[in-house]
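S.K.:
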Amino acid sequence: MSSSDGSPVQERHLFLLHVDTTRVIQLSSNFVHVGRHPSNDIVIDCDVISRKHATFLRVPSPNSQEFDYRLIDGEPKQNQASRNGIAVNGKRCYLHLLNHGDLISFSNVIKGIYLKVKIHDDKLNQYISIISGAKAINAQTRDSIEAMTRVFCRRPVFLTSEDPTSIMLEAPQRESLAY
8 MSSSDGSPVQ
18 ERHLFLLHVD
28 TTRVIQLSSN
38 FVHVGRHPSN
48 DIVIDCDVIS
58 RKHATFLRVP
68 SPNSQEFDYR
78 LIDGEPKQNQ
88 ASRNGIAVNG
98 KRCYLHLLNH
108 GDLISFSNVI
118 KGIYLKVKIH
128 DDKLNQYISI
138 ISGAKAINAQ
148 TRDSIEAMTR
158 VFCRRPVFLT
168 SEDPTSIMLE
178 APQRESLAY
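This note's numbering applies: residue 8 is where the sequence shown begins, and numbers increase by one.
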């Protein structure tokens, strides 16, 4: 499937992380390491975060050419869990196959949301720009992002003004700019 300008729709795995500010990390490697140590792919400089706190592990999706991510507590190669653990959707775990919209907590302090979206290449940067504006990570944020994702990734989006955050589901009666 491709957009009107020919750009392909691709499945993207994004991690929306909030420490002091919100940032969006695109997951694409087989292993994405999270922790306090500077050698990690995602560095979180916080005392309650272990040096090697967690790992996103890319795994094949059953009956598909796509893939998913598992979140593993600690460093799996060393079979060592983190000091303060991880939780997904409020439940502490050692290993979890992630689903779109899962709320992730590191040490019950640092929060994030895992997003799995199919999006046109030409819309990816705008999507990331919008979701990176989250002021906090919680269930309400997840619900807001999910609603925006349904609109942004699956239906035509029309600007209602020069403000790119002002969107609506249906085309207005007057001339509009479609994305």
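Note that the Cβ used here is the ideal one computed from N, Cα and C, for glycine as well.
Quick caveat, the model's predicted, so the values are computed rather than measured.
Could you spell out where the beta strand (DSSP E) holding Ile79 opens and where it closes?
M.R.: Residue 79 sits at position 72 when you count from the first residue of the sequence shown. Unbroken beta strand (DSSP E) run through Ile79: Phe74 to Asp80.
S.K.: Tell whether a beta-carbon distance below 9 angstroms holds between Val124 and Leu21.
M.R.: As a first step, residue 124 is located in the sequence shown; it is residue number 117 there, counting from the start. As a first step, residue 21 is located in the sequence shown; it is residue number 14 there, counting from the start. Going by C-beta atoms, Val124 is nearer than 9 angstroms to Leu21.
S.K.: Have a look at Gln133, His60, Asn91 and Val95 and flag the residue whose alpha-carbon is nearest the alpha-carbon of Lys84.
M.R.: To locate residue 84, count along the sequence shown from 1; it is residue 77. Checking every option, the nearest Cα to that of Lys84 belongs to His60.
S.K.: Could you give the distance in angstroms between the alpha-carbon of Asp27 and the alpha-carbon of Ser112?
M.R.: Taking the sequence shown and counting its residues from 1, the one referred to as residue 27 is at position 20. Taking the sequence shown and counting its residues from 1, the one referred to as residue 112 is at position 105. Roughly 15 angstroms separates the two Cα atoms.
S.K.: Taking all protein chains shown into account, decide if Leu102 is buried (16 or more other Cβ within 10 angstroms of its Cβ) or exposed.
M.R.: The residue given as residue 102 occupies position 95 in the sequence shown. So Leu102 counts as exposed.
S.K.: Over what stretch of residues does the beta strand (DSSP E) that includes Tyr134 continue unbroken?
M.R.: Position 127 of the sequence shown holds residue 134. No beta strand (DSSP E) contains Tyr134, which is instead part of the alpha helix (DSSP H) from Asp128 to Ile138.
S.K.: At the level of alpha carbons, what is the spacing between Ile120 and Asp109?
M.R.: Translated into the one-based positions of the sequence shown, residue 120 becomes position 113. Translated into the one-based positions of the sequence shown, residue 109 becomes position 102. Near 6 angstroms, if we compare the C-alpha coordinates of Asp109 and Ile120.
S.K.: Just checking my contact of Val16 with Ile144 at CB under 8 angstroms: how many whole Å lie between their CB atoms?
M.R.: Within the sequence shown, numbered from 1, the residue matching residue 16 stands at position 9. Within the sequence shown, numbered from 1, the residue matching residue 144 stands at position 137. With 8 angstroms as the limit, Val16 and Ile144 do not qualify as a contact, their Cβ atoms being about 27 angstroms apart.
S.K.: Given this structure, state the Cα-to-Cα distance separating Arg149 from Ile117, to the nearest angstrom.
M.R.: Numbered from 1 along the sequence shown, position 142 holds the residue referred to as residue 149. Numbered from 1 along the sequence shown, position 110 holds the residue referred to as residue 117. So the alpha carbons of these two residues sit roughly 15 angstroms apart.
S.K.: For Gly92 and Ile51, I'd like the C-alpha separation in whole angstroms.
M.R.: In the sequence shown, residue 92 corresponds to position 85, counting from 1. In the sequence shown, residue 51 corresponds to position 44, counting from 1. Cα to Cα, Gly92 sits roughly 14 angstroms from Ile51.
S.K.: For Ser57, tell me which candidate among Asn47, Asn37, Arg99 and Ser139 has the shortest Cα-Cα distance.
M.R.: For the purposes of this step, residue 57 is identified with residue 50 of the sequence shown, where counting begins at 1. Measuring from the Cα of Ser57, the nearest candidate turns out to be Asn47.
S.K.: Out of Ser71, Glu18, Arg77 and Glu82, which one is the CA nearest neighbour of Phe63?
M.R.: For the purposes of this step, residue 63 is taken as the residue at position 56 of the sequence shown. If we check each option's Cα against that of Phe63, Arg77 comes out closest.
S.K.: Fully enclosed by the stretch 40 to 113, which beta strand (DSSP E) runs are 3 residues long or longer?
M.R.: Those beta strand (DSSP E) runs which fall completely within the stretch 40 to 113 and span 3+ residues are 61 to 67, 74 to 80, 93 to 95, 98 to 100, 102 to 104 and 110 to 113.
S.K.: I need the straight-line Cα distance from Arg99 to Asn86, nearest angstrom please.
M.R.: Sequence index remark: in the sequence shown, residue 99 carries index 92 (1-based). Sequence index remark: in the sequence shown, residue 86 carries index 79 (1-based). Near 18 angstroms, if we compare the C-alpha coordinates of Asn86 and Arg99.
S.K.: Measuring alpha carbon to alpha carbon, tell me which residue in Glu73, Gly81 and Arg65 is nearest His44.
M.R.: Taking the sequence shown and counting its residues from 1, one reaches residue 44 at position 37. Residue Gly81 is the option with its Cα nearest to His44.
S.K.: Grab the span of the beta strand (DSSP E) containing Val31 for me, first residue to last.
M.R.: Sequence index remark: in the sequence shown, residue 31 carries index 24 (1-based). Where Val31 is concerned, the enclosing beta strand (DSSP E) stretches over Thr29 to Leu34.
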